[in-house]
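J.: Take a look at the following structure, please.
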DNA sequence: GCGGTTTACGCAATCGATTGCGCAGTTGTC
DNA sequence: GACAACTGCGCAATCGATTGCGTAAACCGC
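Right, here's the structure in full:
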């Protein structure tokens with residue numbers, strides 16, 4: 001019944017001049033009235049707003065964006081430089097994304113998800129120039145550290161989820177990955193484990209820091225790192241499972257695993273179980289993230305909790321401060337060790 | 001080093017007329033050259049494209065959108081009519097969203113995530129009119145069935161994730177919820193269970209169909225439904241846990257649970273365990289979705305698998321067919337029973 | 001009742017790319 | 001050599017809202 005109003009007989013969308021004509025004013029006045037501009041008397045404003053509502057008029061965002069050079073939109077971009085094939089299905093990313101989306105939409109901005117298909121050195125520059133969004137959140141440094149530095153020089157509202165790196169000029173927000181790695185490994189060592197694997201994609205800066213923490217903890221306990229215990233593994237797919245299986249097949253002995261994500265940890269535990277080993281009786285395992293899986297899996301995972309809601313809030317807070325022209329420093333958020341069955345205290 | 005080119009000394013963004021001036025042609029020619037328009041000879045096209053690349057020029061999307069009245073963007077909207085407070089953090093939604101995003105970005109469209117804060121009857125009309133996207137995917141019918149019908153009359157590229165409802169005129173894609181409910185309940189009955197709870201938010205159309213399947217299966221087995229066994233429960237929060245706990249406290253006897261999601265199922269199992277009951281020994285539980293949790297939890301969940309990648313692909317396929325002007329019918333995708341520990345065969 | 005201020009609103013330029021139409025200049029045809 | 005067809009490209013209108021500036025009318029004080 002209301003349909004005629006939403007889209008009048010002509011089939012043409014209602015535009016501002018239509019409302020202006022009906023109201024007997026100019027489109028300038030309509031524009032100002034809808035924007036609650038104080039130079040338009042309240043009575044007129046109300047009339048026009050009522051008329052607009054009645055006729056189902058909504059400002060054309062494309063036109064507004066062009067004129068104002070702003071879009072009320074934040075872009076969330078995922079550089080998949082290192083794993084071009086990977087889909088946007090990593091549970092940790094999705095969880096972070098959900099919280100980011102909540103924070104952003106609370107501030108009445110829209111969220112544009114961009115998956116850049118060809119991450120050459122200029123993808124970010126191109127993205128920024130395309131004027132599709134007012135601000136940018138880059139999830140994960142991947143191998144794009146230099147591209148990020150490049151884009152950030154040319155100041156822009158841009159915040160990166162990731163670690164603080166030495167020569168970094170962009171603003172990043174992330175967990176204390178080093179401390180997470182140290183805590184996890186220290187816990188394994190304190191519970192008597194001595195031969196501890198590291199499992200994860202250490203080519204990613206955030207993961208590399210977790211590995212540094214692992215090394216630190218081992219050093220602190222007066223031991224030295226066996227480099228053959230540092231194994232590459234991807235977040236998804238069978239690589240973690242296969243790595244552990246192969247190690248066991250070769251008869252290598254170890255009694256603990258620090259995995260760079262909960263998914264990797266679970267995958268490793270499955271490999272242990274297939275080989276007749278038991279977790280935590282024979283081998284303790286510590287994960288990372290404290291995803292939903294960690295608490296529900298069997299055995300429940302001891303893991304390093306990342307404060308995802310806090311990270312999202314901080315990223316968005318920094319970004320909006322930057323949109324206001326303020327400068328912001330990078331932030332590192334604390335992590336905590338969550339004790340469960342896979343590596344008991 | 002390339003920075004100067006990305007954003008020249010003036011601080012002003014490079015625009016098409018700049019490239020035109022440098023190339024010694026008009027902006028019309030630049031526009032056509034960049035669009036690979038055949039009336040521009042290939043030599044000229046290459047020169048101009050090279051120049052544009054060299055100067056880091058990218059078309060201003062706001063201007064293009066306005067002129068062309070299209071945005072190369074698909075909006076994914078989540079009506080949260082029924083649970084206004086709920087955040088976008090439901091794992092099932094996020095998983096579906098990830099797959100949708102993959103499908104859409106493969107087609108070189110951007111993804112706009114919209115969370116409508118005030119779902120009155122016209123939110124969809126407003127969204128459509130705002131010209132922010134060329135097509136729309138609505139995730140979940142929630143309580144917006146009529147609003148969807150309203151918007152769909154006025155033909156538009158719009159596909160809804162949800163069930164086919166009787167008086168529906170919009171295009172929907174979803175799982176066979178009825179069959180899922182029937183399968184789950186039938187399985188419990190076949191394994192000897194007789195007093196089976198239903199747990200879920202039956203006010204949602206998709207869930208209501210699962211409930212219908214539950215009723216059907218019970219009827220098929222010559223039994224009748226005890227309405228006090230149909231209990232409301234939300235996807236998140238403690239409602240499922242509390243409902244089961246209260247039932248046990250009141251001494252109500254039952255031997256099976258069909259939960260409308262894996263999350264609800266796990267929550268129920270926790271409640272059983274706290275009360276000293278054991279799953280599946282005392283009470284069998286079947287979930288819905290086959291989320292990551294289902295296979296990893298303890299006990300591993302018997303559940304109804306929804307084909308999330310297939311659903312996403314179908315939604316996007318329908319949507320793009322509609323963008324081309326084709327009509328599409330609603331689709332219902334098959335589900336399957338996945339046997340695990342919580343309700344063994 | 002007059003200068004000065006304020007109020008209320010319209011004119012027209014503007015954002016930057018796209019595109020229908022048309023015009024030179026070139027090639028082709030008989 | 002004259003006319004037609006074609007090629008390559010530019011002019012200027014257009015998309016729809018926003019906004020700086022200007023002005024007519026209303027108001028105000030004395």
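Chains as they are written, first to last, in UniProt numbering: chain A, 1 to 345; chain B, 1 to 345. The beta carbon of each residue, even a glycine, is placed where N, CA and C say it ideally should be.
Measuring straight from C-alpha to C-alpha, what distance separates residue 262 of chain B and residue 151 of chain A?
T.: Computed Cα separation, rounded: 43 Å.
J.: Note the first and the last residue of the continuous alpha helix (DSSP H) segment covering residue 218 of chain A.
T.: Residues 205-220.
J.: Counting only beta-carbon atoms, is residue 293 of chain B nearer than 8 Å to chain A?
T.: Closer than 8 Å to some Cβ of chain A, the Cβ of residue 293 of chain B qualifies, so yes.
J.: Using a Cβ cut-off of 9 Å, pull out every chain B residue sitting near residue 112 of chain A, in sequence order please.
T.: Simply 73, 110, 111, 112 and 113.
J.: Establish whether the CB of residue 6 of chain A and some CB of chain B are separated by less than 8 Å.
T.: Any reading at residue 6 of chain A needs caution, since the residue's pLDDT is 41, under 50, leaving its predicted position unreliable; the model's value is listed next. By this cut-off, residue 6 of chain A is an interface position.
J.: Mind checking if residue 344 of chain A is an interface residue toward chain B, Cβ cutoff 8 Å exclusive?
T.: By this cut-off, residue 344 of chain A is not an interface position.
J.: Can you name the start and end residues of the alpha helix (DSSP H) that residue 270 of chain B belongs to?
T.: First-last of the alpha helix (DSSP H) with residue 270 of chain B: 262-274.
J.: Once the 5 residues before and after residue 105 of chain A are set aside, which same chain residues still bring their CB inside 8 Å of it?
T.: Answer for residue 105 of chain A: 111, listed in chain order.
J.: Answer with yes or no whether the minimum CB distance from residue 16 of chain B to chain A is below 8 Å.
T.: Judged by the 8 Å Cβ criterion, residue 16 of chain B is not in contact with chain A.
J.: Between which two residues does the beta strand (DSSP E) holding residue 305 of chain A run?
T.: From DSSP, the beta strand (DSSP E) with residue 305 of chain A extends over 302-305.
J.: Does any residue of chain B bring its CB to less than 8 Å from the CB of residue 10 of chain A?
T.: Note that residue 10 of chain A has pLDDT 49, beneath the 50 cutoff, so the model's placement of it is unreliable and the number below is only indicative. So, not an interface residue.
J.: Using three-state DSSP, classify residue 77 of chain B as helix, strand or coil.
T.: In this structure, residue 77 of chain B counts as strand in the three-state DSSP scheme.
J.: Count the C-beta pairs between the segment 39-54 of chain A and the segment 216-227 of chain A that are closer than 8 Å, then say yes if the count reaches three, no if not.
T.: Touching, no.
J.: DSSP state of residue 239 of chain A, grouped into three classes?
T.: Three-state result, residue 239 of chain A: helix.
J.: Let me know if residue 386 of chain B comes out buried or exposed under the rule of 16 or more other beta-carbons within 10 Å of its beta-carbon.
T.: The structure shown does not extend to residue 386 of chain B, since chain B spans only 1 to 345, so no value can be given for it.
J.: Just checking: is the beta-carbon of residue 95 of chain B within a distance shorter than 8 Å of some beta-carbon in chain A?
T.: Chain A contact via Cβ: present.
J.: If you drop the 5 nearest sequence neighbours on each side, which residues of the same chain put their C-beta closer than 7 Å to that of residue 100 of chain A?
T.: Same-chain partners within the cutoff: 76, 137, 312, 315 and 316.
J.: Specify the secondary structure class of residue 350 of chain B as computed by DSSP and reduced to three states.
T.: Given that chain B is displayed from residue 1 to residue 345, the structure contains no residue 350 of chain B and the question cannot be resolved.
J.: Let me see if you follow: with CB-CB separation under 8 Å, is residue 298 of chain B close to chain A or not?
T.: Yes, contact with chain A.
J.: Just reading off the beta strand (DSSP E) that residue 259 of chain B is part of, what are its end residues?
T.: Residues 256-259.
J.: Give, in chain order, every residue of the segment 121-148 of chain A whose Cβ lies closer than 8 Å to some Cβ of chain B.
T.: Listed by position along the chain: 121, 122, 125, 126, 129, 130, 131 and 132.
J.: Who are the Cβ neighbours of residue 342 of chain A in its own chain at under 6 Å, not counting the five residues just before and after it?
T.: If we look at residue 342 of chain A and ignore the five residues flanking it on each side, its Cβ neighbours are 279, 280, 285, 299, 301 and 302.
J.: From which residue to which residue does the alpha helix (DSSP H) around residue 105 of chain A run?
T.: It spans 91-106 - the alpha helix (DSSP H) in which residue 105 of chain A sits, taken as one unbroken run.
J.: Pull up the distance between the alpha-carbon of residue 103 of chain B and that of residue 191 of chain A, whole angstroms please.
T.: If I take the Cα positions, the gap works out to 46 Å.
J.: Under three-state DSSP, which class holds residue 344 of chain B?
T.: Residue 344 of chain B falls in the coil class under three-state DSSP.
J.: In chain A, what lies closer than 7 Å to residue 91 of chain B by C-beta?
T.: Here the neighbours are 292.
J.: What residue range does the alpha helix (DSSP H) around residue 27 of chain A cover?
T.: Note, residue 27 of chain A: alpha helix (DSSP H), 27-34.
J.: Measuring alpha carbon to alpha carbon, tell me which residue in B/122, B/95 and B/70 is nearest residue 109 of chain B.
T.: Closest by alpha carbon: B/70.
J.: Hey, does residue 58 of chain B have any beta-carbon neighbour from chain A nearer than 8 Å?
T.: Judged by the 8 Å Cβ criterion, residue 58 of chain B is in contact with chain A.
J.: Since residue 332 of chain A is in the beta strand (DSSP E), which residue starts that stretch and which ends it?
T.: Here the beta strand (DSSP E) through residue 332 of chain A covers 331-333.
J.: Just mark residue 290 of chain B as buried or exposed, buried being the case when its beta carbon has 16 or more other beta carbons within 10 Å.
T.: Per the 10 Å Cβ criterion, buried.
J.: Counting only beta-carbon separations shorter than 8 Å, does residue 3 of chain B have a partner in chain A?
T.: For residue 3 of chain B, the predicted structure reports a pLDDT of 36, less than 50, and the residue's modelled location is therefore unreliable. The matter cannot be settled from this model.
J.: Would DSSP call residue 130 of chain B helix, strand or coil?
T.: Residue 130 of chain B: coil per DSSP, three-state reduction.
J.: I want to know whether the segment 163-172 of chain A touches the segment 325-332 of chain A - three or more CB-CB distances under 8 Å.
T.: Short answer: they touch.
J.: Roughly how many whole angstroms lie between the Cα atoms of residue 238 of chain A and residue 250 of chain A?
T.: Each residue's alpha carbon lies about 18 Å from the other.
J.: If you compare alpha carbons, which of B/142, B/121, B/134 and B/59 is closest to residue 158 of chain B?
T.: Minimum Cα distance to residue 158 of chain B is reached at B/134.
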